[in-house]
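This report refers to the structure that appears directly beneath it.
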Amino acid sequence: MEEQFILRVPPAVAERIERLLNDSASSSEDKSLDLSFSEDGRTGTFAVGNDRFSASLLDLPSVVESYKTYDDNVLIKTTDIGQMIMVREEGDGVPEAVEYRHGLTPAMRDTRRRRFRREPDLNPEVVRRVEKDLQNIMAGFSVVKSLANYQVLCCFSSSVSTLIHYQYSLTDQLRVEMVEPEEDGEGNARNAGKKVVAISSAKPDVPEAGMAGGEPEGSDSDESDDSI
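Going left to right, the sequence shown walks through residues 677 to 904 as the numbering used here numbers them.
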């Protein structure tokens, strides 16, 4: 695998490099190119002929794919480029950080601020606890130790006088509570009219609305017999 990088130079230096590459070495004024880095590996010197320029190795905000072709028809990928060497003239400012803010095209200008979200500032201890709670839930255990299981209550009214509470749990057990309407505020009267039925099925048989209120209503066949 090849190792490549982007070399960005000022326009005047680019013309000199182009003449050096296209013309013969004897006719060109600039007969050599040289690039050297210091011990930190981020700053260095770029030399064209007898002129020397400061250079910096910067990290691009995104990966750039490099291709080559031999017939202008078939493209062959050579490598991924993630760094750029920026050559500066005298008087140009030194980059503040090794992570370059802009991309290689005008559409990628200031891309680190516009296109990439900032990582949220989270407490590692909170993240660890949340991960542990999720693992406990997936394993079938409760997150809160004081609760034996996690229950979801679903309530609906089957008639005016009867209220049925369906209570589901993670153990696939169903608990149905028949609560009669309260006549007074005392707890004894409320508990006296409360019936608890345990059903193991996940889908209970819902009592018909007509049976809960009292006597069942007559059918159409009975009405037709009376009319005769």
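No residue lacks a Cβ here, since even glycine has one placed at the ideal position from N, Cα and C.
Short of 8 Å in beta carbon distance, which residues of its chain neighbour residue i, apart from the five on each side in sequence? Order them along the chain.
i, result
"residue 684", "760, 761, 762 and 763"
"residue 792", "737"
"residue 717", "733"
"residue 896", "Its pLDDT being 48, under 50, residue 896 is placed unreliably in this model, and the coordinates cannot settle the point."
Which residues in the same chain as residue i place their Cβ atom closer than 6 Å to its Cβ, once the five residues preceding and following it in sequence are excluded?
i, result
"residue 765", "686"
"residue 713", "720"
"residue 730", "764"
"residue 715", "none"
What distance in whole Å lies between the Cβ atoms of residue j and residue i, which are believed to be in contact at a cut-off of 8 Å?
i, j, result
"residue 679", "residue 745", "Residue 679 to residue 745, Cβ: 20 Å. No contact."
"residue 728", "residue 719", "Not a contact, Cβ separation roughly 13 Å."
"residue 724", "residue 689", "6 Å"
If you draw a straight line from the C-alpha of residue i to the C-alpha of residue j, how long is it?
i, j, result
"residue 682", "residue 750", "23 Å"
"residue 691", "residue 726", "15 Å"
"residue 814", "residue 710", "60 Å"
"residue 708", "residue 747", "31 Å"
"residue 809", "residue 802", "11 Å"
"residue 798", "residue 816", "27 Å"
"residue 781", "residue 694", "21 Å"
"residue 697", "residue 779", "26 Å"
"residue 645", "residue 770", "With the chain covering 677 to 904 only, the question about residue 645 has no answer from this structure."
"residue 794", "residue 768", "29 Å"
"residue 790", "residue 806", "30 Å"
"residue 800", "residue 699", "60 Å"
"residue 822", "residue 804", "Because the pLDDT of residue 822 is 39, which lies under 50, any placement of that residue in the model is unreliable, and the number read from its coordinates should be weighed accordingly. So the alpha carbons of these two residues sit roughly 21 Å apart."
In its own chain, which residues sit with a C-beta less than 7 Å from the C-beta of residue i, not counting the 5 before and 5 after it?
i, result
"residue 741", "753 and 756"
"residue 743", "751, 752, 753 and 754"
Quick one: does residue i have its CB under 9 Å from some CB of chain D?
i, result
"residue 805", "Within the model displayed, chain D is absent; a lone protein chain is all it includes."
Using 8 Å as the cut-off, classify the Cβ of residue i as near or not near the heavy atoms of the ligand SAM, replying yes or no.
i, result
"residue 769", "Among the components of this structure there are no ligands whatsoever, and the ligand SAM is therefore not found."
Counting Cβ pairs, one atom from each stretch, are 3 or more of them under 8 Å apart for the region 753-769 and the region 785-798?
The region 753-769 makes no contact with the region 785-798, as fewer than three CB pairs between them are under 8 Å.
Can we say the region 770-783 touches the region 729-741, given the rule of at least three CB pairs closer than 8 Å?
yes
Suppose only complete runs of 3+ residues qualify. What are the beta strand (DSSP E) ranges in the region 686-748, listed by chain order?
709-713, 719-724 and 727-744, all fully within the region 686-748.
Entirely within the region 743-802 and at least 4 residues each: give me those alpha helix (DSSP H) ranges in chain order.
The region 743-802 contains these whole alpha helix (DSSP H) runs: 787-790.
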